[in-house]
Amino acid sequence: MFRYLALRIASSLFALLVITIIVFLLSHLSGNPVDALLPDDASQEQVDSFIREWGLDKPLWQQYLTFLVNAVQGDFGTSLKWPGEDAMGFVIDRMPATLQLGGLAILISVVIALPLGVAAAVYKGSPVDNGAQMFALLGQSMPNFWLGIILIWVFSVWLGWLPTSGTGSFAHAILPAIAIAWFQVSALARLTRSAMLEVLDAEYIKLARVKGVSEFQVVWKHALRNAAVVPLTYFGILAASILTGSVVIETVYSWPGMGWVAIEAIRGRDFPVVQAVIVAYAVIYMISNLVVDLLYVIVDPRVRHG
Amino acid sequence: MICNKIQYLNAPKRMLAAALLAGTILGGGGIASSAAAQEKVVIAVSPLGADSNLYWTTTGAFILPSMQTLVGNDPATGKYDSSGLAESWEHNEDFTSWTFRLHPEAMFNDDWGPVTSADVVHSFNMHTGEDAKLSGIKLLKTATITAVDDHTVRFDLPSPVPNFLFSHAGRGSLVIYSKAQFDAEGIEGYQNAPAGSGPFKYEGREVGQSISFSSIEDHWTGVAPEFDEIEFRWVSEPSTRFAMLSAGEAHAVTLPRDLQDDASDAGQTVLTSSEGAMQTTMLFTGQFMKPEAEETRDARTYAWADQRVREAANRALDRDAILEVLYGEGVRALPVYTMDPRFPGYSADLSDRFESDYGYDPEKAKALLAEAGYPDKFDNAKIPLVVTSLAGNPEFAQMAELVQAYFDVVGIQTEMREQDWATGNTAIRGFTADFITPMRNAPVRPSALGVQIFFTTHASPHLDVGDPEVNDLGGKLVDETDPATRNAILSQMFTRIFDTYAHLPMATVPASVVVNSDLVDGWDFPGATSSGLSHFHLIDLK
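In order, the protein sequences belong to chains A and B.
Residues in the first sequence are numbered consecutively from 3, following our numbering.
Residues in the second sequence are numbered consecutively from 40, following our numbering.
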C-alpha cells in the first residue's frame, strides 16, 4: 500500500514539474508584459528599466530555472498588477474566499444531488425521475457564467433578495455557490442514480425486503451505503472541480477568490501571479486526486492488499 | 395585528411570505450595502490595470479623489484652472522654465499640515524614480525642480515644453503626496493610507475589490460634496455592473455601448463628459511612408503603402453609420487623429474638407483601387485588421468588424487577426507590425504631443508612419517656441497627414457613465482624465 501511495505522490510531483514548464512557457509566449504594464508612450529608458527589474533580458531557460528555484522556496516574485504584493502570498490570501464559496457549493451539491439521485432511482420512470433528469440536463447544459448572470437578474435585480456581487455577508455567497453547484449537482445526481439502480437490483436488497425491513431503511441504509462508493470517489474530483472551476463565477460575482485573481492576473499579464495561481490550482488538484486514491485504498480491499 | 393577518393567509401565500422574509434576512448584507443610502455614493467601474496607492507605480489610469495635482480642469470646459494645488503659474519666453505658486491655504488631510514646495519636490522625486510606470513621466524625468520658496516651485526643462500644464492637470503625471507623512511613516504610510489634499479622505482599500473615501467638511477649497462617503468598486463583468445599477447598489457605473442602450431603455441616465475625452482611429502600422522602407524591409508590400489604397480605405467607410453603432450620442467627426479645436494647430479648413475628401463614396473607392491595380499588383493584398480589446474601449473589436464589412463592399480584402492589446504593442514596438489596428488617444492629449507620439519619431518612435515630411515638421516643432509658428507647423503636419490619407480617423468621443435615475440628478465632468471620470464632488444626488 505504501509503495502504491509513494508512486502516486511521485507521479503527482512529476506532473507538477511539467505544469510549471507549461505555465512558464505559455505565459511568456503569449506576449510581452512590458506592453501590458507600461503605458503606450513609455520611454525606452522605462522599458529598459522594467526589463532589467523583472529579469526579462535573460534567456528563457535561465528565467525558468530562476523561477523554479524560487518557486520551490515559495517565492514566485512580486505582483506586477498589485505592486508590492508577494505573488503566492496574494494568491493564498484569496484561498479562504475560494474555499468558502467552494465549500458552500459542495454542500449544496451533496445536499441536493444525493436525495435527488436516490429519489430518481427509487421512482425510476416516474415524473420524479423525469424531473430529476431534466434538472440534471439543465445543469449540465447551461454555461455557468450565463446562469450566474441570470441568477443575478432574477434574485438581485427583480426580486431584490440577494446582493448582486461582492462579499461581506453569507447572502453574498448564495448566488455564486448555486451557479457553481448546479453543474455538479447534475453530475453527482446522475452518478448516484445509476449506482442506486444497480444496487437496488441486488439480491441482498431483495432479501432485506423479504425480511420485512422498512422501505425507508432499505433505500437509505442498505442501498445507499453500498451505492455511495461511486459518488464518494467522485467527490474528490468534484471538490477539485468546484475549487478550480470557480474562475468565471468569481469574476461574474466579483468574488475575491483565487479564480478572480487568475482572470485579473491574466488580463494584466501579471506573470508572477498567473504562475502562482496555476501552480496553486495544480496542487489542489494533486491533493484531491491523492485523497481519492487514499479513499480507494480504504474502500477497495483489492487496492489495499494488492 | 400582523399575526392575525398571517393566520388568515392561505398556504401558498404563507410560503411566499416566508420566502420573502427569508429573502429579507438573507439579503440583509446586500440591502445594508445598497447604494440607496444617500450618504454613500457607489461607483462601479472596470478593475484598474495596476492597483496601488503609490500612484507612480501605476500607469496613471486613476487618480485617487483624495489626491490632487498642481493644475485643475474646469468641469464644464476642461480648460486648465486653479482648482488644483497651484493658484497660478507662469513660464519663461521659450517654455523651458515653468513656475507654480501654491495656494497658501492648501492643507493635507489627516493633520499632515500645509502643502508646501517641499511636498512638491518630494513627490516629484518619488514619481521620477526607477519604479515609475506613469504615462507621460518621460517628460518629468528630464526636468529639474527647485523650491523657490515655501509656496513656489520651478520646473526647468532641457527643451521647450509649451504643453507642460497637461502633465499637471487631469492627466496627472505628478500627484502631490505629503512629505511630512513620508518622514513619519515611510513608504508604508503611503501604501496604507496616503494623505492627500483633495476634498475626500482616504478610508481604505479592499485590494482588487474597492476603495473608499469620506468627504471632508470645511475643505480648504470650499468644495462640499453632498454625500458623506464615496466608494469605487472594481467589477470586471459589465453585466454585473449593470445589475448593480439596476438593483440600486451603485449610483453610477461604466458600461459598454450596447449595455448603455439597455440601461437607457430601462430608465437609467447616460451622462457624457462636457468635452471629448478620447479620440479613436484605425492606424496603419509599419512605417509605410518611409522611402527607404523598400530596402530595409518589405513595408512597401503592405497594400496601404499605396496612397490610393489608403484613400480608398477611407472612402469605403460610412463613418456616420459606424459611429452611430459604436458611440451614439455626443460623438464628433474627427478629420485628423490628435487634432482638436482646444489645442494649437487646429485647422478649420481640414474640418471643412473632411466630407469632400473622406466622405463615404464606395464608387470612388473602387475606382481608386482599380487605378492602383489592387489586388493583382500587390504581393500582400489582404489587409490584416486587428480585433482587440482594451480596458475602457470595448468597442474596438466591433470597430474592426464594421471596417471589414465596409472594406468588403468595395473589394478590399481583409483578414481578422485576433490579438490582445499587449501583443499588438509588442509588434508595433518591435517594428514587426503589419496590420491596421484600432487606437485611442485618451485623454485627448495636446495636439503637439499627440501628433508626435502617433505619427513621428520625436516622441514615441514605435508609432512613426515613416513620412520624412511629417518627421521634419515634427523636428522643427520640438525646438520652436513661438506660439504662432508652432501653430503653423502643427497645422502643416495635420494637413500632410490628412492629404496623404495616413490613417483612418474615426471620432472624438466623450467619456460616459450611466447613473441610476432614481439616485442621481447629474454630474459635470470634463473627460480630462485617463479614465474620463473626475470631479466626483460634483455628483448631484436626488
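No residue lacks a Cβ here, since even glycine has one placed at the ideal position from N, Cα and C.
Please read these numbers as outputs of a predicted model, since none were measured by experiment.
- In the DSSP annotation of this structure, the continuous segment of the beta strand (DSSP E) that includes residue 241 of chain B starts and ends at 239-245.
- Between residue 175 of chain A and residue 103 of chain A, the C-beta spacing is below 8 angstroms.
- Around residue 435 of chain B, the same chain offers 427, 428, 429, 477 as residues with beta carbons nearer than 7 angstroms, after the five sequence neighbours per side are excluded.
- About 6 angstroms separates the Cβ atoms of residue 553 of chain B and residue 292 of chain B, confirming a contact at the 8 angstroms cut-off.
- The beta-carbon distance between residue 311 of chain B and residue 545 of chain B, rounded to whole angstroms, is 17 angstroms. This is too long to meet the 8 angstroms contact definition.
- Beta-bridge analysis with DSSP links residue 78 of chain B to no other residue.
- The beta carbon of residue 393 of chain B lies closer than 7 angstroms to those of 372, 374 in the same chain, with the five residues before and after it left out.
- Taking all protein chains in view, the Cβ of residue 137 of chain B is crowded by 16 or more other Cβ atoms within 10 Å, so the residue is classified as buried.
- Straight-line spacing of the CA atoms in residue 153 of chain A and residue 181 of chain A works out to 8 angstroms.
- Within chain A, no C-beta atom comes less than 8 angstroms from the C-beta of residue 319 of chain B; the nearest is roughly 14 angstroms away.
- In the structure shown, residue 137 of chain B adopts extended strand secondary structure according to DSSP, grouped into three states.
- The DSSP-derived three-state label of residue 144 of chain A is coil.
- Within a 10 Å sphere around the beta-carbon of residue 223 of chain A sit fewer than 16 other beta-carbons, which makes this residue exposed.
- The Cβ atoms of residue 358 of chain B and residue 323 of chain B lie no closer than 8 angstroms to each other.
- Selection A:197, A:289, A:91, A:200 evaluated against residue 279 of chain A yields A:91 as nearest (Cα-Cα).
- Chain-order list of chain B residues neighbouring residue 266 of chain A: 86, 247, 275, by C-beta distance under 8 angstroms.
- Below the 8 angstroms Cβ cutoff, chain A contributes 151, 154, 166, 167, 254, 255, 256 as neighbours of residue 279 of chain B, in chain order.
- If you ignore the 5 residues before and after residue 141 of chain A, its C-beta comes within less than 7 angstroms of the C-beta of 184, 185, 187, 188, all in its own chain and listed in chain order.
- If you compare the alpha carbons of A:168, A:50, A:30, A:217 with that of residue 276 of chain A, the shortest gap goes to A:30.
- Against chain B, the CB of residue 270 of chain A has a partner CB under 8 angstroms away; the residue lies at that interface.
- Segment contact: the stretch 267-282 of chain B against the stretch 238-257 of chain B, three or more CB-CB distances shorter than 8 angstroms; contact assigned.
- Taking 8 angstroms as the upper bound for CB-CB distance, residue 89 of chain B and residue 274 of chain A are not in contact here, some 13 angstroms apart.
- Fully contained in the stretch 373-448 of chain B are the following beta strand (DSSP E) runs of length 3 or more, in chain order: 422-426.
- Between the C-alpha atoms of residue 368 of chain B and residue 22 of chain A there is a straight-line separation of about 49 angstroms.
- In this structure, the CA atom of residue 236 of chain B is about 34 angstroms from the CA atom of residue 520 of chain B.
- Shown here is that no member of the stretch 275-289 of chain A has a Cβ falling below 9 angstroms from a Cβ of chain B.
- Judged by DSSP in its simplified three-state form, residue 56 of chain A adopts coil rather than helix or strand.
- In this structure residue 404 of chain B touches residue 355 of chain B by the C-beta definition: roughly 4 angstroms separates them, less than 8 angstroms.
- In the same chain as residue 36 of chain A, and ignoring 5 residues on each side of it, the C-beta atoms closer than 6 angstroms to its own belong to 49, 52, in chain order.
- DSSP assignment within the stretch 196-280 of chain B yields the following whole alpha helix (DSSP H) runs of 4 residues or more, N-terminal first: 203-207, 218-231.
- Interface annotation, residue 29 of chain A: not in contact with chain B, CB-CB separation never under 8 angstroms.
- With fewer than 16 neighbouring CB atoms inside 10 Å of its own CB, residue 381 of chain B falls in the exposed class.
- Look at the stretch 106-166 of chain A and you find these whole runs of alpha helix (DSSP H), each 4 residues long or longer: 129-143, 146-153.
- Within chain A, the C-beta atoms nearer than 7 angstroms to that of residue 283 of chain B come from 166, 167, in chain order.
- Proximity to residue 198 of chain B across B:145, B:307, B:516, B:283 peaks at B:516, based on C-alpha coordinates.
- Excluding the 5 residues flanking it on each side, residue 125 of chain A has same chain C-beta neighbours closer than 6 angstroms at 131, in chain order.
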